[in-house]
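>
Chains as they are written, first to last, in full-length UniProt numbering: chain A, 1 to 442; chain B, 1 to 442.
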């Protein structure tokens, strides 16, 4: 089976009109997907679907990068790719000229994620399994063959990775059973966006509570008094002991983060997420140390560019919760490397989700992590945000505060063709209408 | 004066045909420039020129990003920009939707560098000064107003920056005089590319020696025996005491870097440059510590994405030589921030150059650093590579091992219109010929 074509499309949703997704730094996001389709010459015309998430402008830049990677895949044998996926990943991530634009970060790495995730989708569809199952059925040796271990040997060797996987292999069916019974624990971000009124926040907390959700996250960082008022509302509504996390989306300098969070400590946040620049490993370590006496942990990762940054966060104890993003690092292969490091360092992985399709992706990652890598649910909780799922062919199902096990073959990122047509930017019907009404400028 | 248009062009030179610029990681680079022109409504039609350097494929992706930033500038008043350049820089670098693609890294930051550098070029042309002089004539207060200090306050405050600049202000004319007399110290990379034969290396060392060059750099990292043979040739040719640096272009893991360099210690390299991933601050710190007893320092920076990474390199003693790149971080404003931090931490800044136009840029940076920020030449030496200067209207002049003071107004990155036309990719005459001859595929 050979790859015959790779297409990339610019799909955007006008979420800025409603302030869903608003935080201290991203005030008017238009949740978007750079959507990749990998086509093959298989008799049934089998395809793989992948996406990367952005928040609007610049989605076309990522599309350009995906087209550059796509060219490299055309003509390759699918079997050759999956027989040595770790090396192929490296070939793409370190393409001799493109790597200058990173290396392994920013636009080219976001684009690589969509391409790599589409390959995993294709692989899982060929095997007729959901991605979590494809991974869980692999031998430890096969799993590590998908990983590029370069730059990691001072923290994790291939041999140590194998050891982790082998230790957990005999008991994995027990954990699969548990997941089918109980799902994977989740928290909701949908009640705490900055753009919401106090009344909206209270109503949403109550709505999620009565639907069985027990873990919440709120956005903070613009104004301490305002955040204290909002935190008090949420704490009062959800009760004194339920899980509450806070997220400032990179808003502060290091000393500022420490002072600001002391002012929110009485509301007992489990973690402060993205307190400062996502590049600042040492800054996060200083914040972690300063806030530990207040019972507040540090979480970050959704903007962390690759396995080398995550390695340092673990070495320097820069975070206590590792929040990988399914599209920020170079797709599932690199995520597996990070999960393995986290297992070695004993750091719980609580993936970032929301956006477009991120919940669809991370359900596979968290379940695989539990089944094969961490083998633990302690302190693990995966983000859930309840929007835009209606555009997916097999949308995520999260009820009663947990993700249900996805069963459709693939990586769950296939979007409905009607959605793709309507929301393609700038020529889809929705955008043509908004632009003609003067509500958006191109 | 208002900005009326911002254009971006994809200019590439087919350097891969001759293996200039070949190293352990970038084996076949086509040195390229994403070239920006900022047009204004001034009566004389004043323009600013800027570029960012890439090594070929992907230059078009950076062009897409520059167009996105360019749109934001059209209609803005030039005076407003330069009155509050630090804030404008931040507005661009943290544009609410584009920032998701970084933040402050990779493609969007490379593109921002070209845009920002073109603004500095425009400013200097309006003032009819070379950029180094424009900077040197500014008050300390004006200089710090061009800098965005966000994420830096745990390492350098605006007040500390002011103090550094004020301390040096009274003596700056002495240093300007010295620069006119002696130039700024440089080393050459042009003798030590991996793709060259032993004979070529020896001949080039002799050629540069007889032209007055005393400092050399060689590429290493593919094969220790090969590197030992090449190092022996260079050491023998230049003599036992002259400056020799080595550069492995991110080739190794941390433990590998340490072992490999022990095998080259007898050739007395001043530094090993880019021993591992440019993202690995802690890895560089470990290498620095392990190689110190061998008298080898660590240098890095050309692939370091922004001031937050440089901050950590200084905090963790990850390098002993700071090699900023004039186009990798977000242009001159961010470079000023890094120079100020380096002065505080006592780290010499030895800019990366070569490529296309980087030597033209860094001469301004190094001279400004000496005049106003570090006020020292101790352990300072700026890279020089002798290629592609013929495409510039005011090419750099480096003779006798030092950069001469540039006198033309602007930031020296204006390219000849004939070069722009011939080397525009893929439709310039040079590329049309190479493509029609089958020597390049688009």
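Don't be surprised by glycine CBs; every beta carbon is placed ideally from N, CA and C. It should be emphasised that the depicted structure is a prediction, and the values quoted were computed from it without experimental measurement.
Would residue 158 of chain A and residue 144 of chain A qualify as a contact pair, given that the criterion is a beta-carbon distance under 8 Å?
yes
> Determine, using beta carbons only, whether residue 344 of chain A comes closer than 8 Å to chain B.
Taking 8 Å as the threshold, the shortest C-beta distance from residue 344 of chain A to chain B does not fall below it.
> Under a Cβ-count criterion, where at least 16 other Cβ atoms within 10 Å of its own Cβ denotes burial, should residue 101 of chain B be classed as buried or exposed?
buried
> For the stretch 51 to 69 of chain A, which residues have a CB atom closer than 7 Å to at least one CB atom of chain B, in sequence order?
54, 55, 56, 57, 58, 60, 61, 62, 64, 65, 68
> Between the Cα of residue 221 of chain A and the Cα atoms of A:202, A:195, A:200, A:90, which residue gives the shortest distance?
A:195
> Within 8 Å of any Cβ in chain A, is that where the Cβ of residue 3 of chain B sits?
no
> In three-state terms, what does DSSP make of residue 426 of chain B?
Looking at residue 426 of chain B - three-state DSSP - the assignment turns out to be coil, as it is neither helix nor strand.
> For chain B, find out if any of its Cβ atoms is closer than 8 Å to the Cβ of residue 312 of chain A; answer yes or no.
yes
> Using only the alpha-carbon positions, how far apart do residue 13 of chain B and residue 244 of chain B sit?
Rounded to whole angstroms, residue 13 of chain B to residue 244 of chain B spans 29 Å at the Cα level.
> Is the distance from the Cβ of residue 55 of chain B to the Cβ of residue 29 of chain B below 8 Å?
yes
> Terminal residues of the continuous beta strand (DSSP E) containing residue 63 of chain B?
No beta strand (DSSP E) holds residue 63 of chain B; the alpha helix (DSSP H) holding it covers 59 to 73.
> Between which two residues does the alpha helix (DSSP H) carrying residue 237 of chain A extend?
224 to 238
> For residue 403 of chain A, list the residues DSSP reports as bridge partners.
The partner list for residue 403 of chain A (beta bridge, DSSP) reads A:184, A:398.
> Rounded to whole angstroms, what is the Cα-Cα separation between residue 60 of chain B and residue 34 of chain B?
8 Å
> How big is the Cα-Cα spacing for residue 487 of chain B and residue 236 of chain B?
The structure shown does not extend to residue 487 of chain B, since chain B is modelled only from 1 through 442, so no value can be given for it.
> How would you write the range of the beta strand (DSSP E) that residue 10 of chain B sits in, first residue to last?
3 to 12
> Report the neighbours of residue 315 of chain B on chain A: residues whose CB is nearer than 8 Å to its CB, in chain order.
282
> For residue 49 of chain A, which beta-bridge partners are listed by DSSP?
Beta-bridge pairing links residue 49 of chain A to A:37.
> Determine the burial state of residue 219 of chain A: buried for a count of at least 16 other Cβ atoms within 10 Å of its Cβ, exposed for fewer.
Buried: at least 16 other Cβ atoms inside 10 Å.
> In chain A, which residues lie less than 8 Å from residue 97 of chain B when you measure between Cβ atoms?
Correct list: 26, 28, 29, 30, 54, 55, 56, 57, 58.
> Comparing alpha-carbon positions, which option in A:373, A:133, A:290, A:146 lies nearest residue 180 of chain A?
Among A:373, A:133, A:290, A:146, the Cα nearest to that of residue 180 of chain A is on A:133.
> Identify the residues that DSSP records as bridge partners of residue 298 of chain B: which are they?
B:272
> Cα separation between residue 79 of chain A and residue 88 of chain A?
12 Å
> Where does residue 159 of chain B sit, in a helix, a strand or coil, going by DSSP?
helix
> When the Cα atoms are used, what is the spatial distance from residue 214 of chain A to residue 325 of chain A?
23 Å
> Residue 408 of chain B by DSSP, collapsed to three states: which one?
coil
> Which two residues bound the contiguous alpha helix (DSSP H) that contains residue 124 of chain A?
106 to 126
> Can you give me the C-alpha to C-alpha distance between residue 153 of chain A and residue 85 of chain A, rounded to a whole angstrom?
19 Å
> Could you give the first and the last residue of the continuous alpha helix (DSSP H) run that contains residue 343 of chain B?
Note, residue 343 of chain B: alpha helix (DSSP H), 332 to 345.
> Compare the beta carbon distance of residue 11 of chain A and residue 423 of chain A with 8 Å and say whether it is the shorter of the two.
Judged by beta-carbon spacing, residue 423 of chain A lies within the 8 Å limit of residue 11 of chain A, meaning their Cβ atoms are closer than that value.
> Quick check: residue 385 of chain B and residue 354 of chain B, are their CB atoms within less than 8 Å of each other?
Less than 8 Å separates the beta-carbon of residue 385 of chain B from that of residue 354 of chain B.
> Starting from residue 203 of chain B and walking both ways along the alpha helix (DSSP H), at which residues does that stretch end?
198 to 210
> Does the beta carbon of residue 381 of chain B come closer than 8 Å to any beta carbon on chain A?
no
> Which residues mark the beginning and the end of the alpha helix (DSSP H) in which residue 96 of chain B is found?
That residue, residue 96 of chain B, is in no alpha helix (DSSP H); it is neither H nor E in DSSP.
> Hey, is residue 255 of chain B's beta-carbon within less than 8 Å of any beta-carbon in chain A?
Closer than 8 Å: yes.
> Opposite residue 360 of chain B in the DSSP bridges: which residues?
Answer by DSSP bridge pairing: none, since residue 360 of chain B is not bridged.
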